[in-house]
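Just below is one structure, and these are the notes that go with it.
There are 2 protein chains.
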Amino acid sequence: MENLLRYLNTLMPLSDESVAALMPALTRQAFRKNEYLLQEGQVCHSLFYIDNGYCRSYHVIDGIEKNTGFFFENDIATNINSFGSGKRSELNIIACEPLTAVIIDRDQLFRAAAQAPEIETLGRLCIRLFASKQEEFSTLFKLYSASERLEYVEKHHPHMLQRVSLTQLSSFLGVARETLSRIRKRRAVS
Amino acid sequence: MENLLRYLNTLMPLSDESVAALMPALTRQAFRKNEYLLQEGQVCHSLFYIDNGYCRSYHVIDGIEKNTGFFFENDIATNINSFGSGKRSELNIIACEPLTAVIIDRDQLFRAAAQAPEIETLGRLCIRLFASKQEEFSTLFKLYSASERLEYVEKHHPHMLQRVSLTQLSSFLGVARETLSRIRKRRAVS
DNA sequence: GATATTTTGTGACGATCGTCACAGCGCTGA
DNA sequence: TCAGCGCTGTGACGATCGTCACAAAATATC
Numbered sequence: 001m002e003n004l005l006r007y008l009n010t011l012m013p014l015s016d017e018s019v020a021a022l023m024p025a026l027t028r029q030a031f032r033k034n035e036y037l038l039q040e041g042q043v044c045h046s047l048f049y050i051d052n053g054y055c056r057s058y059h060v061i062d063g064i065e066k067n068t069g070f071f072f073e074n075d076i077a078t079n080i081n082s083f084g085s086g087k088r089s090e091l092n093i094i095a096c097e098p099l100t101a102v103i104i105d106r107d108q109l110f111r112a113a114a115q116a117p118e119i120e121t122l123g124r125l126c127i128r129l130f131a132s133k134q135e136e137f138s139t140l141f142k143l144y145s146a147s148e149r150l151e152y153v154e155k156h157h158p159h160m161l162q163r164v165s166l167t168q169l170s171s172f173l174g175v176a177r178e179t180l181s182r183i184r185k186r187r188a189v190s
Numbered sequence: 001m002e003n004l005l006r007y008l009n010t011l012m013p014l015s016d017e018s019v020a021a022l023m024p025a026l027t028r029q030a031f032r033k034n035e036y037l038l039q040e041g042q043v044c045h046s047l048f049y050i051d052n053g054y055c056r057s058y059h060v061i062d063g064i065e066k067n068t069g070f071f072f073e074n075d076i077a078t079n080i081n082s083f084g085s086g087k088r089s090e091l092n093i094i095a096c097e098p099l100t101a102v103i104i105d106r107d108q109l110f111r112a113a114a115q116a117p118e119i120e121t122l123g124r125l126c127i128r129l130f131a132s133k134q135e136e137f138s139t140l141f142k143l144y145s146a147s148e149r150l151e152y153v154e155k156h157h158p159h160m161l162q163r164v165s166l167t168q169l170s171s172f173l174g175v176a177r178e179t180l181s182r183i184r185k186r187r188a189v190s
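Chains as they are written, first to last, in our numbering: chain B, 1 to 190; chain H, 1 to 190.
Below, the structure is given as structure tokens:
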């Protein structure tokens with residue numbers, strides 16, 4: 001919990017009352033490797049604050065997993081669409097390592113927001129940050145080629161390369177595993 | 001203004017007090033074709049509710065415009081990153097036709113939210129909807145090929161095809177104009 | 001309505017990518 | 001220690017894409 005509260009405080013300073021109002025919305029949970037945080041078809045009614053370990057989100061298209069995001073320590077993972085609309089999730093979120101998360105329950109969060117206006121603002125900030133990250137990777141695909149996308153991740157998210165396998169990364173970057181392997185080779189030569 | 005208020009009411013019912021609190025944040029403005037709503041290097045301190053006409057957002061990479069979004073009547077256009085963080089915008093938003101928008105000023109909006117808690121909630125809803133749209137097009141690129149992306153737009157956003165030129169659309173779909181032309185040709189045959 | 005400008009179609013060609021196939025490497029567990 | 005498994009590298013080949021070039025069609029402008 002301490003990590004989460006420290007994180008939230010970097011977003012905005014929270015009064016003791018707001019923290020007290022927030023507490024009932026929080027649950028700590030451990031996940032084994034390859035255990036689902038969210039599964040296709042379920043409704044997402046949580047924000048997952050990643051305390052330790054990391055997870056990935058992916059769609060299954062024609063039986064093939066396509067990664068759409070990685071979430072590491074101090075990130076918040078969720079399906080913003082399902083979370084907001086109450087529709088069933090079309091994507092999965094799965095632990096890539098043993099993982100511990102603080103689960104922020106949607107309904108309890110709304111109850112807390114009704115009590116403490118700071119929580120409402122906090123929720124807005126969280127969603128805005130999530131939206132900014134979405135935008136970052138959305139534009140990445142519209143603006144750059146596969147090799148430029150790799151460069152971007154190397155420069156701006158080096159930790160991702162250290163923890164994610166080439167196979168998983170290639171799915172995220174939208175290219176075949178072999179292509180990513182060759183991109184790296186081409187650069188090593190020049 | 002009426003259109004905007006009708007739109008906001010579909011998101012959540014607003015009391016007369018909330019509407020009154022919101023009014024000072026609103027300005028109606030007309031833009032000529034090719035006039036900027038937001039220019040690279042500026043800080044985005046507005047949400048643009050599109051009342052009439054449409055606009056596009058684009059980045060300039062190596063002197064080439066790359067479209068990242070189109071915004072039509074009843075959409076809200078903004079740079080969520082710049083709007084939220086106060087950093088300078090890296091993208092442009094420009095009118096593709098004569099356009100009228102209702103400009104929602106950021107600072108005034110925050111003042112209104114401090115007065116009326118409904119406005120805070122409304123702001124959160126707007127941002128969440130914006131985030132959902134971002135996610136939609138973000139996954140579009142990660143999951144599908146160029147021709148599948150065209151299919152998706154044809155099915156889910158047909159109005160876009162009717163109003164946007166092939167050249168502009170190809171930039172948005174991340175392929176060369178010629179490629180998009182050939183994709184359409186290939187399908188017409190089969 | 002004639003002209004200028006923009007938009008779209010198409011051919012050619014080289015570069016890149018996806019797919020299939022297989023080999024090597026490192027880690028894990030019996 | 002050795003077999004099994006997952007991850008990565010690489011070769012071959014066909015498909016697709018980007019680029020340059022130019023013609024045709026559609027649209028805008030006066």
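We put the CB at the ideal spot given by N, CA and C, even for glycine.
Please compile the residues from chain H whose C-beta is within a distance smaller than 8 Å of the C-beta of residue i.
i: residue 120 of chain B; result: 117, 120, 121, 124
Do we get a CB-CB distance below 9 Å when we pair residue i with the residues of chain H?
i: residue 128 of chain B; result: yes
i: residue 137 of chain B; result: yes
i: residue 84 of chain B; result: yes
i: residue 170 of chain B; result: no
State the start and end residues of the unbroken alpha helix (DSSP H) segment that holds residue i.
i: residue 11 of chain B; result: 2-11
i: residue 123 of chain H; result: 117-143
i: residue 171 of chain B; result: 166-173
i: residue 156 of chain B; result: 146-156
Starting from the beta carbon of residue i, find every residue of chain B whose beta carbon is closer than 7 Å, and list them in chain order.
i: residue 131 of chain H; result: 80, 127, 130, 131, 134
What residue does the beta strand (DSSP E) around residue i start on, and which one ends it?
i: residue 19 of chain H; result: Unbroken run through residue 19 of chain H is the alpha helix (DSSP H), 16-22; no beta strand (DSSP E).
i: residue 102 of chain B; result: 99-105
At a CB-CB cut-off below 8 Å, which residues of chain B make contact with residue i?
i: residue 174 of chain H; result: 141, 142
i: residue 66 of chain H; result: 142, 143
Check whether chain B comes within 9 Å of residue i, counting only Cβ atoms and requiring the distance to be less than that.
i: residue 15 of chain H; result: no
i: residue 10 of chain H; result: no
i: residue 190 of chain H; result: For residue 190 of chain H, the predicted model reports a pLDDT of 49, less than 50, meaning its position is unreliable and no value from the coordinates is stated.
i: residue 91 of chain H; result: yes
Could you work out which residues of chain B lie near residue i, taking near to mean beta carbons separated by less than 9 Å?
i: residue 61 of chain H; result: 143, 144
Is residue i near the ligand ATP, with its Cβ less than 8 Å from a heavy atom?
i: residue 157 of chain H; result: As far as ligands go, the structure on display features none, and thus does not contain the ligand ATP.
**OP:** Report yes or no: do the segment 41-48 of chain B and the segment 94-113 of chain B share at least 3 C-beta pairs separated by less than 8 Å?
**Re:** Counting Cβ pairs under 8 Å, three or more are found: they touch.
Subject >> Inside the segment 26-94 of chain H only - beta strand (DSSP E) runs reaching at least 3 residues >> reply: You should have 26-31, 36-38, 46-52, 55-61, 64-71.
Subject >> Cβ contact check for the segment 144-156 of chain B and the segment 139-151 of chain H: 3 or more pairs under 8 Å >> reply: no
**OP:** Check whether the segment 77-89 of chain B touches the segment 158-171 of chain H, taking contact to mean three or more Cβ pairs, one atom from each stretch, closer than 8 Å.
**Re:** no
Original post:
Is the segment 1-10 of chain H touching the segment 19-34 of chain H in the sense that three or more CB pairs, one from each, lie closer than 8 Å?
Top reply: yes
Subject >> At least three beta-carbon pairs within less than 8 Å, the segment 66-84 of chain H to the segment 122-131 of chain H >> reply: By the Cβ criterion, the segment 66-84 of chain H is in contact with the segment 122-131 of chain H, since at least three pairs of Cβ atoms, one from each stretch, lie closer than 8 Å.
Original post:
If you pair each beta-carbon of the segment 165-183 of chain H with each one of the segment 61-68 of chain H, do three or more pairs fall below 8 Å?
Top reply: Yes, the segment 165-183 of chain H is in contact with the segment 61-68 of chain H.
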